[in-house]
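Numbered by full-length UniProt numbering, the letters in the sequence shown go through residues 1 to 446 in order. One structure is given here, and the rest of the page talks about it.
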Amino acid sequence: MSDAELVLRSRRVITPDGTRAASVVVAGGTITDVLPHDADVPAGARLEDFGDDVLLPGLVDTHVHVNDPGRTEWEGFWTATRAAAAGGITTLVDMPLNSLPPTTTVEHLRTKKEAAAGKTHIDVGFWGGALPGNVEDLRPLHDAGVFGFKAFLSPSGVDEFPHLDQEQLARSLAEIAGFGGLLVVHAEDPHHLAAAPQQGGPKYADFLASRPREAEDTAISRLIAQARRFDARVHVLHLSSGDALPLIAAARADGVRITVETCPHYLTLTAEEVPDGASEFKCCPPIREAANQDPLWHALADGTIDCVVTDHSPSTADLKTGDFATAWGGIAGLQLSLPAVWTEARRRGHGLQDVVRWMSARTARLVGLDSRKGAIAPGHDADFAVFAPDETFTVDPDALQHRNRVTAYAGRTLSGVVRSTWLRGERIVADGEFTEPKGRLLTRAH
Ligand SMILES: [Zn+2]
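Right, here's the structure in full:
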């Protein structure tokens, strides 16, 4: 083991065993020890003392659409990873769609990695995509190190990424279960969507009615049946409907291998407050009524929902038109996810320990990175955010590092300021100043 280079000290260090005053020793980019607060600094090591600011493990965001290459004007590796770093995120896993090509073959994965190389300020991994016609590409992609596969059960919003019908889902799931992989699913049922009223126009209530909860509930119930049939491991992406929670809890109690995520916008924004034409609030499934939010928070508290991820999915501003039917569906929140979730979590009586569990430990575990990421513990990468939980700020889109500064959070006052972010023992951003990109491209541990 190399000699200690750095000691990070804080009166509030969030470790898997609780929050305490501690000195975290780093050597070779790895945490080697977590010592008492007043421990001697090893000879030759540099001390960084953060006082009362919280030291937490860098967040792991497993649901980000970087869109690079091909739609880099929507977002790119350079801008997305800067925004993530500014928000305390040190690892992201990129979704297989909205880039061109989508990550659906090993060759396409190579193209994505070439686009990302040298441009990532944080560590980046990749999901593969499961399409109707690429069952034979799934195992090679798995062997090439993707963290799992994404599928849609209803139209995705882009033509090059078609959705799976139930028969195609069964075929993909059987294949993925055969090599012990993970399928992550956008679960909305296309028949329920087609049967719902499709008004269009600027009224949010009309958009909400076009994507009813039953579409989610039905798709999830079918997914559970398929997971049970193949004993496959599945994960529900961006859960919005609180009505689906009992189904998920029952399936899990029954041994079905299912995990679930939700997103900051479902936890902190409500349908009632979306102004007409404000399509920066449009995403699918949609932000629902305030009454739907309590069940989501309860499910986070009791563990039915495993984790919170951004589903950062921006576009250029011109595609965010005033018509909810045709505007691009996707919310940009990468830089704001930690303060957004913390603001509401705190109001509801949760601690930062909980937020770290939802946004770092559990997401790391979802993608099998939990031996290196998601915890301040010996043997883990020295990835940290230094966070001032009591400081507030008002969201100014101009202060965002996202390529397109359109955000549903504009003008909100949030609690929690990220002072600096650290990757493998190096400070990669502080006070809006970034180092050169030092992120690595990650592959699934074999
Ligand atoms: Zn998404």
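Virtual Cβ for every residue (Gly too), placed ideally from N, Cα, C.
Legend entry - residue 311 CB to nearest heavy atom of ligand 1 below 7 Å: Working through the sequence shown from its first residue, we reach residue 311 at position 311. Checking the Cβ of residue 311 against ligand 1 gives yes.
Legend entry - Close beta carbons around residue 118, own chain, < 7 Å, minus the five adjacent residues each side: Numbered from 1 along the sequence shown, position 118 holds the residue referred to as residue 118. Only 437 meet the Cβ criterion.
Inset, instruction - Would you kindly report the start and end of the unbroken beta strand (DSSP E) that includes residue 422? - result: To locate residue 422, count along the sequence shown from 1; it is residue 422. Per DSSP, residue 422 belongs to the beta strand (DSSP E) from 413 to 423.
Inset, instruction - Compare the Cα-Cα distances from residue 83 to each of 26, 334 and 39 and report the closest residue. - result: What you label residue 83 is simply residue 83 of the sequence shown in a count that begins at 1. Restricting attention to 26, 334 and 39, the CA atom closest to the CA of residue 83 is found in 334.
Inset, instruction - Would you check if the segment 156 to 166 and the segment 229 to 248 touch, i.e. whether three or more CB-CB distances between them fall below 8 Å? - result: Per the Cβ contact rule, the segment 229 to 248 is not in contact with the segment 156 to 166 (fewer than 3 Cβ pairs under 8 Å).
Legend entry - Contact test: residue 235 Cβ vs ligand 1 heavy atom, cutoff 7 Å: Counting from one through the sequence shown, the residue named residue 235 turns up at place 235. No, since every heavy atom of ligand 1 falls outside the 7 Å radius drawn around the Cβ of residue 235.
Legend entry - 8 Å Cβ cutoff met for residue 19 and residue 34: Translated into the one-based positions of the sequence shown, residue 19 becomes position 19. Translated into the one-based positions of the sequence shown, residue 34 becomes position 34. No, they are not a contact pair.
Legend entry - Opening and closing residue of the beta strand (DSSP E) in which residue 366 lies: To locate residue 366, count along the sequence shown from 1; it is residue 366. For residue 366, there is no enclosing beta strand (DSSP E); the residue is found in the alpha helix (DSSP H) stretching over 362 to 366.
Legend entry - Cβ neighbour criterion (16 or more within 10 Å) applied to residue 445: Here residue 445 corresponds to residue number 445 of the sequence shown, with the count starting at 1. If you draw a 10 Å sphere on the C-beta of residue 445, you find fewer than 16 other C-beta atoms in it, and that means exposed.
Inset, instruction - Run through the segment 283 to 364 for me and flag every whole alpha helix (DSSP H) of 4 or more residues, listed as ranges in chain order. - result: The qualifying runs are 293 to 302, 337 to 347 and 352 to 356.
Legend entry - Cβ shell of residue 383 (< 6 Å), same chain only, five flanking positions each side left out: What you label residue 383 is simply residue 383 of the sequence shown in a count that begins at 1. Hits under 6 Å: 58, 90 and 423.
Inset, instruction - Give the DSSP-derived three-state secondary structure of residue 221 in the structure shown. - result: Here residue 221 refers to the residue found at position 221 when the sequence shown is read from its first residue. Here DSSP, grouped into helix, strand and coil, assigns residue 221 to helix.
Legend entry - Sequence-distant residues of its chain with Cβ nearer than 6 Å to residue 228 (five each side left out): As a first step, residue 228 must be located in the sequence shown, where it is residue number 228. The answer, listed in chain order, is 256.
Legend entry - beta-carbon residue 95 near ligand 1 non-hydrogen atom, thresh 7 Å: Counting from one through the sequence shown, the residue named residue 95 turns up at place 95. Residue 95: yes, Cβ under 7 Å from ligand 1.
Legend entry - Pair within 8 Å by beta-carbon distance, residue 205 and residue 197: The count along the sequence shown starts at 1 and reaches residue 205 at position 205. The count along the sequence shown starts at 1 and reaches residue 197 at position 197. 8 Å or more divides the Cβ of residue 205 from the Cβ of residue 197.
Inset, instruction - Express the C-alpha separation of residue 251 and residue 385 in angstroms, rounding to a whole number. - result: As a working note, residue 385 is residue 385 in the sequence shown. As a working note, residue 251 is residue 251 in the sequence shown. A straight line joining the alpha-carbon of residue 385 with that of residue 251 spans about 36 Å.
Legend entry - Straight-line Cα distance separating residue 249 from residue 281: Residue mapping note: residue 281 aligns to position 281 of the sequence shown, counting from 1. Residue mapping note: residue 249 aligns to position 249 of the sequence shown, counting from 1. Each residue's Cα considered, the two are about 29 Å apart.
Inset, instruction - Measure how close the beta-carbons of residue 158 and residue 126 come, nearest whole angstrom, since I'm counting them as under 8 Å. - result: The count along the sequence shown starts at 1 and reaches residue 158 at position 158. The count along the sequence shown starts at 1 and reaches residue 126 at position 126. The Cβ separation is near 17 Å, so there is no contact.
Inset, instruction - For residue 435, count neighbouring C-beta atoms within 10 Å of its own C-beta (all shown protein chains included) and say buried if the count is 16 or more, exposed if not. - result: Residue numbering aside, residue 435 sits at position 435 when the sequence shown is read from its first letter. Exposed, since its Cβ has fewer than 16 Cβ neighbours within 10 Å.
Legend entry - Alpha carbon of residue 343 to alpha carbon of residue 133, nearest angstrom: For this step, residue 343 is matched to residue 343 along the sequence shown. For this step, residue 133 is matched to residue 133 along the sequence shown. The alpha-carbon atoms of residue 343 and residue 133 are separated by roughly 43 Å.
Legend entry - Range covered by the alpha helix (DSSP H) that runs through residue 92: For the purposes of this step, residue 92 is identified with residue 92 of the sequence shown, where counting begins at 1. Per DSSP, residue 92 lies in no alpha helix (DSSP H); the unbroken beta strand (DSSP E) holding it starts and ends at 89 to 94.
Legend entry - Nearest-angstrom Cα separation, counted from residue 272 out to residue 28: Residue 28 sits at position 28 when you count from the first residue of the sequence shown. Residue 272 sits at position 272 when you count from the first residue of the sequence shown. Approximately 50 Å between the Cα atoms of the pair.
Inset, instruction - Please confirm whether any heavy atom of ligand 1 lies closer than 7 Å to the CB of residue 163. - result: Within the sequence shown, the letter at position 163 stands for residue 163. No, the beta carbon of residue 163 sits no closer than 7 Å to any heavy atom of ligand 1.
Legend entry - Cα-Cα separation between residue 96 and residue 326, rounded to whole angstroms: As a first step, residue 96 is located in the sequence shown; it is residue number 96 there, counting from the start. As a first step, residue 326 is located in the sequence shown; it is residue number 326 there, counting from the start. Looking at the backbone, the Cα of residue 96 and that of residue 326 are separated by about 22 Å.
Inset, instruction - Scan the segment 95 to 165 and note each continuous alpha helix (DSSP H) run of 4 residues or more that stays entirely inside, going in chain order. - result: You should have 106 to 116 and 135 to 143.
Inset, instruction - Pull up the DSSP beta-bridge partners for residue 70, would you. - result: Numbered from its first residue, the sequence shown carries residue 70 at position 70. For residue 70, which the question treats as bridged, DSSP gives no partner whatsoever.
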